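Shown next, in structure tokens, is the structure this report addresses.
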Amino acid sequence: MSTPEIRPATEADLPFITGIYEHAVRHGTATFELIPPDLAEMTRRYRALLDGGFPYLAAEVEGEVIGYAYAGPYRPRPAYRFTVENSIYLKPAIHRRGIGLQLLQRLLVECTTRGYRQVIAVIGDSANAGSIGVHARCGFQMIGTHPNVGLKFGRWLDTVMMQLAIGEGAGTIPEGNS
Ligand SMILES: CC(C)(COP(=O)(O)OP(=O)(O)OC[C@H]1O[C@@H](n2cnc3c(N)ncnc32)[C@H](O)[C@@H]1OP(=O)(O)O)[C@@H](O)C(=O)NCCC(=O)NCCS
């Protein structure tokens, strides 16, 4: 497989992205959604993120989007405005080839450029070694586990919280916010 191009996602990518996420919803425990959102809903979510100024990236190989990553608001209350939550999904066939790492590293650059200070990964399922591994590789620290907060496929599932300070982190107060 040739090297993927990591670039901002466009609306033309959303059919691929919807398909990747559909597989994750139907077969995986990384997401706690139970019914895959359709293209219209994925388009609505994409536009909401872009309108909010958040980064949304695609990994493309030979005209096919094989993975995507985005950051969005961590929580809606305004004091959280310098904190984002990130997500990454790849087609299952291309796991463990370094593409998740490339997507996450580029996403962190995009988040830093936009002035965010903390990135939080809320990882579905403490057995999700791939997601825990790729976040750890990027320097995320383990914050802790919420045990048994999800129920999917007849199994209680944990969420694992990991966090990375970016840019100046908590070292300074962003201008105009004192
Ligand atoms: C999580 C995911 C994005 C990781 O992407 P990936 O391309 O498979 O991971 P990479 O090949 O870039 O791995 C980078 C590093 O992460 C760690 N890692 C990745 N997969 C791992 C695994 N299964 N076990 C342990 N460590 C792992 C390793 O340190 C790896 O570096 P190495 O291969 O040199 O040892 C991908 O597996 C995926 O899409 N999973 C399903 C959806 C999901 O869980 N998304 C995350 C939602 S929060």
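Under my numbering, the residues of the sequence shown are numbered 887 to 1064, in order. Ideal placement from N, C-alpha and C gives every residue a C-beta, glycine not left out. Here the structure is a predicted model, which means the values were calculated and not measured.
For the set TYR960, THR929, ARG983, the Cα lying nearest the Cα of GLN1004 is the one of TYR960.
Here the alpha carbons of MET1028 and MET1047 stand approximately 6 Å from one another.
In this structure, DSSP gives GLY1001 a state outside helix and strand, which the three-state scheme calls coil. Short of 7 Å from the beta carbon of GLY1010, and not among the five residues preceding or following it, lie these beta carbons of its own chain, in chain order: THR915, ALA916, THR917, PHE918, GLY1036, LEU1043, THR1045. In this structure, DSSP gives SER973 an extended state, which the three-state scheme calls strand. Apart from the 5 residues on each side of it in sequence, ILE892 sits with its Cβ closer than 7 Å to the Cβ of LEU943, ALA945, GLN988, LEU989, ARG992 in its chain, given in chain order.
In the DSSP assignment, ILE1029 falls within the unbroken beta strand (DSSP E) covering 1027-1038.
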